[in-house]
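Visitor: My questions all concern the structure below.
Protein chains: 2
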Amino acid sequence: MTRQTVRDAGEFGLIDRIHAALPEDVRTSSALAIGIGDDTSVWTPPQGEQLLITTDALIEGVHFDLAWHDWRSLGWKSLAVNVSDIAAMGGQPALAEIALGLPADTLVDDVLAFYQGMADLAGPLSVVIAGGDIVGSPTAVMVNVTVIGHTVGGRFLTRSGAKPGDLIAVSGTLGAAAAGLRLLQLPEDNARRRATTAGALIDALLHPVPRVALHQALLAHGATAAMDLSDGLLGDLPKILAMSQVAATVTIDSVPVAASVRALFPDDWQQMALRGGEDYELLFTAPESQIAAIVAAAESMGQMVTVIGRIEAQAGDHDTLRLLGSSGEPVHLPQHAFEHFGAG
Amino acid sequence: MTRQTVRDAGEFGLIDRIHAALPEDVRTSSALAIGIGDDTSVWTPPQGEQLLITTDALIEGVHFDLAWHDWRSLGWKSLAVNVSDIAAMGGQPALAEIALGLPADTLVDDVLAFYQGMADLAGPLSVVIAGGDIVGSPTAVMVNVTVIGHTVGGRFLTRSGAKPGDLIAVSGTLGAAAAGLRLLQLPEDNARRRATTAGALIDALLHPVPRVALHQALLAHGATAAMDLSDGLLGDLPKILAMSQVAATVTIDSVPVAASVRALFPDDWQQMALRGGEDYELLFTAPESQIAAIVAAAESMGQMVTVIGRIEAQAGDHDTLRLLGSSGEPVHLPQHAFEHFGAG
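Written as structure tokens, this is what we have:
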């Protein structure tokens, strides 16, 4: 009998084990187009069109610290990370169910602020908070949000459609949330923490904006695969490569990083951009012929899209993700992302 | 500024405050027939028929103790309590999303056993496990399950339809799960724990069977309101009374209790039946003219249904729930149910 722990297996190793252990009729059905492993499930009810369903858990001490995450921004973010999953499939979020585990000495006003933060995001997106569950928790605050969305015109975008020759692109800039987290960990009188640009970086961490409209534009313009960036570029891009059974090259100097991140963290900005999580920007692939139209569509929304690499065919034992320097020379970094169980 | 805690407010007081604080457009929509407050949400997607959605959180140390809840039965129960909510609306469960918070030293085999327990229930019900989230948790195991179901023929059964004159009935017997919990808290060499009937009572706690088919039969035979019993009869019946704006009388001697509960707990069996939670039996109301047909339908499934009282019109300041003894005399018990935050 194996005594392997979840720390040993890691999040994705564990999910693979679970997938393999479940009877096929419990993890697949003719109504389930996408099951375990993508941003959302895609399911067709007996009467009606395809729905997108996603759930995310956030636990105090693991995903947030109430010393810097005020309750209102925690509410925003708890909903935003799920909406971002729906957006990553090209869907329109519609409905949220909220489960909260609360220590008994939690203040009611804090709980109401949490819901206010959800409402700040839900209102403009026309997402309805439809129900949930509130239970006691011994010590840590626990938040679990489930969001249901629907496709627009019956189409959706998975992680598995990337093709050799496609370009790889991201929206916005990367590393801002990681920089914001680092700033929050500094003493309040630290010079960097007091920089005029610090507030915007902290806000990038606390109030990510799901790219709902941009994802739908991508879908309309022929993108082949997409996901939202929650575990960092070097953590997430391999998921698209694995699901699509392809390889990739990424030119690391082309990865867009905000000037404020470079200025405040001259030694770490590239690590933040490549490995920092929680940007909730869009990572996608599209045929080269479509990129100009996608960039134009993004610009018309005031959003930036940057090409960072290219999808290649898988070739035997080689690394599936090759990083290139500015002169095209190979760069070797250990592959590493935020790992929920402290492995790696 | 109020400094009220969630312990002070209690679960249902807190839910009322949240409901009142949410902007109307965030808690209601034309597509949402049932929002916060019933067993499930009822939502109609843009294309298609009504869906039922429910979510329940279970936290180690609050809802279960791994000293007696083996992982496989924890998986069963985590899914069962959600399926029971779908069943309580007269729906057919279809899809589950599972979020798990796990301490890093959790054994992989235990996690796989958890999913096996889910599959034990999901397979026969044709419920598909479609996705989820697995995250680290500092100490307590946290389980959050969301189940989506659909109506059968477009109809569903809420807590708000009880009418004066309706009879009140329950399925099965009450108090077995509470007796099972008490047995698990006794030393293993205790005589009651070693009784031949103890195993079935412990099983009632660990492996509740959602009454999916029975609820659908109720719906077909004109029941007016229904819910599943999770917080005990005296905790749950007032929720139907409040939502339906009616009162009720219950003859406590008519509440069905297993002979083994009476025999093992001669002093406490009635409290267990009235206040013990987690039976996941069905509590419903129906016009007197329909009861015979409902009892016959239940019997054809091998299930017991017992009339325990009657819905009355609300009358001013009187208690909405009156308990009667065997001679019709009023019995006064403090209203009390399992309270998640330790209030009451």
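Heads up: the protein sequence lines correspond to chains L and R, in order.
Count the first sequence with this note's numbering and you get residues 3 to 346, in order.
Count the second sequence with this note's numbering and you get residues 3 to 346, in order.
The beta carbon of each residue, even a glycine, is placed where N, CA and C say it ideally should be.
#1: According to the neighbour-count rule (16 or more other Cβ atoms, all chains shown, within 10 Å of its Cβ), is L76/L buried or exposed?
#2: Mapping the DSSP letters down to three states, classify E26/L as helix, strand or coil.
#3: Candidates L81/L, G177/L and I310/L: which alpha carbon is nearest A96/L's?
#4: Is there a Cβ of chain R sitting closer than 9 angstroms to that of E2/L, yes or no?
#5: Closest by CA to A275/R, which one among S31/R, A317/R, S302/R and G174/R?
#6: Using a Cβ-Cβ cut-off of less than 8 angstroms, give me the residues of the stretch 210 to 223 of chain L that come near chain R, in sequence order.
#7: Run through chain R and tell me which residues come within less than 8 angstroms of E99/L, C-beta to C-beta.
#8: Please identify the residue among G279/R, T251/R, V83/R and A260/R whose C-alpha is closest to the C-alpha of A2/R.
#9: If you draw a straight line from the alpha carbon of R389/L to that of G237/R, how long is it in whole angstroms?
#10: Taking Cβ to Cβ, would you say I310/L is nearer than 9 angstroms to L235/L?
#11: Going along the chain, which residues of its own chain have a beta-carbon closer than 7 angstroms to the beta-carbon of G15/R, five neighbours each way excluded?
#12: On a CA-only basis, which of T253/L, V248/L, L123/L and L186/L is nearest L68/L? Give me that one, please.
#13: Leaving aside the five residues before and after H152/R along the sequence, list all residues of the same chain whose C-beta is less than 8 angstroms from its C-beta, in chain order.
#14: Among L216/L, G201/L and S328/L, which has the Cα closest to the Cα of L284/L?
#15: Any C-beta of chain R within less than 8 angstroms: which residues of the stretch 107 to 132 of chain L qualify?
#16: Look at the Cβ atom of M229/R, then the Cβ atom of N146/L, and state whether they are nearer than 9 angstroms.
#17: Identify whether D58/L lies in helix, strand or coil by the three-state DSSP scheme.
#18: Which one or two residues does DSSP pair with M229/R in a beta bridge?
#19: Chain R beta carbons: is any one of them nearer than 9 angstroms to that of M144/L?
#20: Strictly by DSSP, which residues pair up with S43/R?
#21: Which residues of chain L have a Cβ atom closer than 7 angstroms to the Cβ of A180/R, listed in chain order?
#22: Within 10 angstroms of the Cβ of P47/L, are there 16 or more other Cβ atoms? Answer buried if so, exposed if not.
#23: Given this structure, state the Cα-to-Cα distance separating S232/L from V44/R, to the nearest angstrom.
#24: What is the DSSP secondary structure of D135/L, counted as helix, strand or coil?
#25: Write down every uninterrupted run of the alpha helix (DSSP H) in the stretch 190 to 251 of chain L whose length is 4 residues or greater and which is fully enclosed by it, in chain order.
#26: For F340/R, which three-state DSSP category applies?
#27: Q6/L CB to nearest chain R CB: under 9 angstroms?
#28: What residue range is occupied by the uninterrupted beta strand (DSSP E) comprising S128/L?
#29: Would you mind telling me which residues of chain L sit closer than 7 angstroms to S31/R, beta carbon to beta carbon, in chain order?
#30: With DSSP as the reference, identify every bridge partner of E314/R, one or two as the case may be.
#31: How do the stretch 110 to 128 of chain L and the stretch 18 to 25 of chain R stand: do at least 3 beta-carbon pairs fall below 8 angstroms, yes or no?
Guide: To lay it out plainly:
#1: In the first sequence, the residue the question calls residue 76/L occupies position 74. Residue environment: L76/L is assigned as buried (16 or more neighbouring CB atoms within 10 Å of its CB, all protein chains considered).
#2: Here residue 26/L refers to the residue found at position 24 of the first sequence. Correct three-state label for E26/L: helix.
#3: Here residue 96/L is taken as the residue at index 94 of the first sequence, counted from 1. Nearest of L81/L, G177/L and I310/L to A96/L, Cα basis: L81/L.
#4: Given a span of 3 to 346 for chain L in the structure shown, any question on residue 2/L remains unanswerable.
#5: Counted from its first residue, the second sequence places residue 275/R at position 273. The option with the nearest alpha carbon to A275/R is G174/R.
#6: Within the stretch 210 to 223 of chain L, no residue qualifies.
#7: By 1-based counting over the first sequence, the position of residue 99/L is 97. Per Cβ cutoff of 8 angstroms: S43, I55, T56, T57 and T148.
#8: Residue 2/R falls outside the range modelled here, since chain R spans only 3 to 346, and no answer is possible.
#9: With chain L represented from 3 up to 346, any question about residue 389/L goes unanswered, as that position is not in the structure.
#10: For the purposes of this step, residue 310/L is taken as residue 308 along the first sequence, with counting starting at 1. For the purposes of this step, residue 235/L is taken as residue 233 along the first sequence, with counting starting at 1. Closer than 9 angstroms, so yes.
#11: On the second sequence, residue 15/R is found 13 positions in, with the first residue counted as 1. Result list for G15/R: empty, nothing under 7 angstroms.
#12: On the first sequence, residue 68/L is found 66 positions in, with the first residue counted as 1. Per the C-alpha coordinates, the member of T253/L, V248/L, L123/L and L186/L positioned closest to L68/L is L186/L.
#13: For the purposes of this step, residue 152/R is identified with residue 150 of the second sequence, where counting begins at 1. Result list for H152/R: E51, Q52, L53, L54, G93, Q94 and A96, in chain order.
#14: Here residue 284/L refers to the residue found at position 282 of the first sequence. Taking L284/L as reference, the option from L216/L, G201/L and S328/L with the minimal CA-CA separation is L216/L.
#15: Correct list: D107, T108, L109, V110, D111, V113, L114, Y117, Q118, M120, A121, A124, G125, S128, V129, V130, I131 and A132.
#16: On the second sequence, position 227 is the one that residue 229/R refers to. On the first sequence, position 144 is the one that residue 146/L refers to. No; because the gap between Cβ atoms is not below 9 angstroms, this pair is not in contact.
#17: Taking the first sequence and counting its residues from 1, the one referred to as residue 58/L is at position 56. Assignment of D58/L by DSSP, reduced to helix, strand and coil, places it in the strand class.
#18: As a first step, residue 229/R must be located in the second sequence, where it is residue number 227. As computed with DSSP, M229/R is found in a beta bridge with L285/R.
#19: Here the question's residue 144/L lines up with position 142 in the first sequence. Yes, contact with chain R.
#20: Residue mapping note: residue 43/R aligns to position 41 of the second sequence, counting from 1. Note: S43/R sits in a beta bridge opposite I55/R.
#21: Residue numbering aside, residue 180/R sits at position 178 when the second sequence is read from its first letter. Correct list: empty, because the minimum Cβ distance to chain L is about 18 angstroms.
#22: On the first sequence, position 45 is the one that residue 47/L refers to. Of the residues assessed, P47/L falls on the buried side of the cut-off, its CB having 16 or more other CB atoms within 10 angstroms.
#23: The sequence position of residue 232/L within the first sequence is 230, counting from 1. The sequence position of residue 44/R within the second sequence is 42, counting from 1. Taking the Cα positions, S232/L is about 31 angstroms away from V44/R.
#24: Against the first sequence, residue 135/L aligns to sequence position 133. Residue state, collapsed to three classes: strand.
#25: DSSP runs (the alpha helix (DSSP H)) wholly in the stretch 190 to 251 of chain L: 200 to 208, 214 to 222 and 235 to 246.
#26: Here residue 340/R refers to the residue found at position 338 when the second sequence is read from its first residue. In this prediction, F340/R has a pLDDT of 44, which is less than 50 and means its spatial position is unreliable; what the coordinates show is noted afterwards. DSSP places F340/R in the coil class of the three-state scheme, outside both helix and strand.
#27: Locating residue 6/L in the first sequence gives position 4, where the first residue counts as 1. With respect to chain R, the C-beta atom of Q6/L has a partner C-beta closer than 9 angstroms.
#28: Here the question's residue 128/L lines up with position 126 in the first sequence. For S128/L, no beta strand (DSSP E) run applies, since DSSP gives it neither H nor E.
#29: As a first step, residue 31/R must be located in the second sequence, where it is residue number 29. Correct list: V130.
#30: Within the second sequence, numbered from 1, the residue matching residue 314/R stands at position 312. Bridge partners of E314/R: A249/R.
#31: Three or more Cβ pairs closer than 8 angstroms define a contact, and the stretch 110 to 128 of chain L meets that threshold against the stretch 18 to 25 of chain R.
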